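Written below as structure tokens is the structure these notes are about.
Residue numbers (this note's numbering), protein chains in the order written: chain U, 300 to 713; chain V, 300 to 713.
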């Protein structure tokens with residue numbers, strides 16, 4: 300079954316609202332294995348809507364509409380479809396009763412135009428609207444299926460999930476289901492990742508492997524189709540293994556894992572405590588860790604040591620060391636990590652220092668960052684050369700610190 | 300000019316991401332009076348993309364594409380358009396240099412497929428990508444204009460606003476210009492704000508006043524149309540005055556101001572220093588301040604005091620006080636503010652303590668938060684009762700601390 304989604308509403312074309320309905324419907328259809336080939340948005344204009352329907356009929360067996368079922372003159376979806384497929388509109392008793400009940404319940408006056416909402420396509424299956432007044436409907440004609448849904452997402456989503464999807468499953472006798480796992484990467488760009496696993500990407504058909512675009516993360520989505528969820532998972536498993544073999548050092552988790560949730564679960568799982576001394580990130584590292592409930596078992600605290608005085612007087616870093624090596628140095632990062640670890644008496648100390656930008660600092664270009672990691676009396680440091688804007692660099696520095704921490708904790712485990 | 304927007308990407312058809320680009324582009328086009336008649340989404344499939352282009356050409360003069368300009372094999376937008384309108388792709392030197400510079404700067408290996416991103420349509424106007432690698436481009440052919448934009452919103456939005464819109468204005472000879480000022484609010488809900496200024500909202504036609512939907516902020520956008528920017532600004536000015544009269548206490552800035560940029564400029568402007576002791580926010584407050592370049596003149600540092608021991612042993616809060624009042628109390632917040640102020644010898648000390656959630660703590664429900672503010676030996680505190688999820692509460696707490704700091708600094712100024 301090939302589907303097309305047509306969202307109707309001039310407010311979408313004016314950029315006043317985002318078409319979240321298309322995303323929702325598409326994701327639900329993907330889960331039952333229905334391919335969506337096009338999404339279309341058209342305004343409250345019957346001629347253009349009919350043109351969109353004609354085009355959709357040439358390339359889809361299932362056309363799902365959202366919007367245009369309301370009481371106003373602008374709401375023309377069902378009228379246009381009725382004319383187009385040649386059926387009448389008839390008043391639906393059940394829908395009319397619930398509209399009347401709605402007005403009685405809220406004590407508001409029911410104006411005549413609200414009766415329009417109870418009109419449905421003759422011969423259609425009516426879908427109840429539990430969160431609004433306009434019912435949905437489904438009808439088959441000319442070897443196509445037309446499914447009409449109300450525009451407001453809080454009405455559309457439960458209606459489509461609870462009535463639309465089962466209707467489509469009955470209609471098509473679809474048995475196949477889709478299961479996917481998102482694999483999350485850090486420390487590698489999208490292009491480089493794809494280059495490294497190109498053989499795997501090219502050879503897979505079920506499951507498929509595809510990058511999932513995202514601002515903050517590099518990911519691969521592994522998607523399998525099968526008769527049962529268990530069968531699908533068995534198809535996915537060997538692909539995950541192969542990804543770990545090929546690019547495992549850059550994988551930090553799957554699905555809902557974030558760098559901070561992964562680090563937090565490794566820390567609390569191992570019963571380890573942590574503290575951090577932060578210069579350029581100024582508390583961002585500890586703040587990211589604190590996003591995780593239950594982290595208080597591991598996160599004792601930290602210091603923001605933004606200027607030299609804070610580093611020396613407050614934290615106790617040797618001022619001679621800073622004079623010799625500068626604050627943007629492996630030595631400074633390691634000293635920060637060790638001093639904070641000793642001070643808060645934690646198993647692990649993290650030190651973050653560097654040049655966020657936009658200006659250079661201590662003769663070092665913006666984006667030069669050192670991360671110190673002191674773990675049970677052994678201290679190491681990592682250098683980053685980032686090229687983003689100031690706050691991208693700060694966030695990436697904190698994320699790299701989480702990433703190195705995760706790698707350290709994983710290697711200690713094994 | 301009739302426009303159609305074609306978003307390219309299978310991830311949209313799978314419902315993995317929402318098509319926010321279509322909304323953004325549509326809203327920008329509405330501002331310059333260009334009508335959008337259709338939005339279309341098509342997958343990474345050249346045959347279907349070409350079909351979508353053919354259909355769009357029959358109903359639009361301007362076709363704007365988003366997505367499919369990246370380095371991977373799936374990225375096919377410009378290749379398909381080149382074939383369709385019959386031009387070659389050529390390597391753009393400027394784009395190639397900036398891609399190479401990007402890899403050099405970050406010390407990462409540039410794989411061969413990245414060169415593909417520097418290919419542009421022969422004869423097109425190239426639009427610089429300041430936040431990514433793939434350049435945009437604009438070209439006219441067959442009495443149509445084709446505008447190609449990268450898919451990631453943080454790349455597309457500045458490119459379209461700063462280069463795409465002026466390009467279209469030049470192209471169409473649009474004379475009227477649009478100037479808008481976004482007024483930013485904190486500490487008031489959108490519905491309440493709209494209720495308070497409903498008279499103003501209803502009476503305005505030029506400039507118009509409208510809420511600008513945003514996940515994180517309550518804003519009003521004041522938009523004027525005029526022949527010159529100066530004329531437009533003169534229309535806007537009295538409306539801003541009236542907003543200040545009616546709801547000034549909730550206004551913290553305009554346009555690109557954020558709570559942290561406003562607080563930072565007030566601090567550095569007054570030559571005041573600041574430090575913070577943070578429990579539930581765990582460094583988020585100092586980290587937000589550190590987003591501003593030049594803040595090192597004012598921000599000395601801070602402490603994350605996540606557990607009781609950190610509060611008492613590290614920062615020196617009286618453990619008797621914590622036993623008497625608990626850590627979720629005005630007394631604790633004020634003690635944190637005073638202790639950190641004294642320790643870092645700053646003019647201002649901020650203390651943040653409370654229950655982020657999801658669980659209750661010290662017998663207090665999630666969302667109970669105290670903010671202490673110590674300014675030149677005078678200390679006060681503010682109570683919040685928030686109802687969000689854990690990290691929404693943490694962020695709101697840090698933002699409220701910035702808001703109270705701004706109000707304090709503003710009142711000291713006047």
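Backbone N, C-alpha and C define an ideal beta-carbon position, used for all residues, glycine too.
Quick caveat: nothing in here was measured; it's all calculated off a predicted structure.
Residue burial classification, residue i (beta-carbon count within 10 angstroms, cutoff 16)
i	result
residue 494 of chain V	exposed
residue 713 of chain V	exposed
residue 444 of chain V	buried
residue 561 of chain U	buried
residue 585 of chain U	buried
residue 540 of chain V	exposed
residue 692 of chain V	buried
residue 377 of chain U	buried
residue 689 of chain U	buried
residue 596 of chain U	exposed
residue 677 of chain U	exposed
residue 502 of chain V	exposed
residue 504 of chain V	exposed
residue 412 of chain U	exposed
residue 396 of chain V	exposed
N- and C-terminal bounds of the alpha helix (DSSP H) containing residue i
i	result
residue 500 of chain V	497-502
residue 453 of chain V	452-458
residue 323 of chain V	319-330
residue 362 of chain V	No alpha helix (DSSP H) contains residue 362 of chain V, which is instead part of the beta strand (DSSP E) from 361-365.
residue 427 of chain U	Unbroken run through residue 427 of chain U: none, as it is neither H nor E.
residue 559 of chain U	558-569
residue 420 of chain V	Note, residue 420 of chain V: premise wrong, no alpha helix (DSSP H); beta strand (DSSP E) at 418-420.
residue 643 of chain U	No alpha helix (DSSP H) contains residue 643 of chain U, which DSSP labels as neither H nor E.
residue 586 of chain U	583-588
residue 354 of chain U	345-358
residue 271 of chain U	Because chain U here runs from 300 to 713, residue 271 of chain U falls outside it and cannot be looked at.
Given residue i as reference, the closest of the options once Cα atoms are compared
i	options	result
residue 581 of chain U	U:566, U:606, U:595	U:606
residue 674 of chain V	V:441, V:666, V:638	V:638
residue 687 of chain V	V:558, V:654, V:701, V:435	V:654
residue 420 of chain V	V:327, V:403, V:387	V:387
residue 344 of chain V	V:705, V:592, V:379	V:379
residue 392 of chain V	V:384, V:407, V:415	V:415
Simplified DSSP state of residue i, which is helix, strand or coil
i	result
residue 436 of chain V	strand
residue 671 of chain U	strand
residue 336 of chain V	strand
residue 730 of chain U	Residue 730 of chain U lies beyond the range of chain U shown here (300 to 713); nothing can be said about it.
residue 612 of chain U	helix
residue 577 of chain V	strand
residue 516 of chain U	coil
residue 538 of chain U	helix
residue 598 of chain V	strand
residue 484 of chain U	strand
residue 652 of chain V	strand
residue 408 of chain U	coil
residue 623 of chain V	helix
residue 713 of chain V	coil
residue 531 of chain V	helix
Limits of the beta strand (DSSP E) - the one that residue i falls within
i	result
residue 445 of chain U	443-448
residue 509 of chain V	507-510
residue 605 of chain V	Neither: residue 605 of chain V is in no beta strand (DSSP E) and is coded neither H nor E.
residue 303 of chain V	301-307
residue 389 of chain U	388-390
residue 682 of chain V	677-684
residue 553 of chain V	550-553
Close-in-space but distant-in-sequence residues of the same chain around residue i (CB under 8 Å, 5 per side omitted)
i	result
residue 437 of chain V	423, 424, 426, 444, 445, 446, 447, 463, 466
residue 614 of chain V	576, 602, 604, 635, 638, 639, 642
residue 325 of chain V	304, 335, 338
residue 441 of chain U	356, 384
Cβ neighbours of residue i in the same chain (closer than 6 Å, five flanking residues each side left out)
i	result
residue 599 of chain V	572, 574, 643, 645
residue 311 of chain U	318, 340
7 Å CB neighbourhood of residue i in its chain, flanking five on each side removed
i	result
residue 660 of chain U	627, 654
residue 657 of chain V	665, 689
residue 369 of chain U	416, 433
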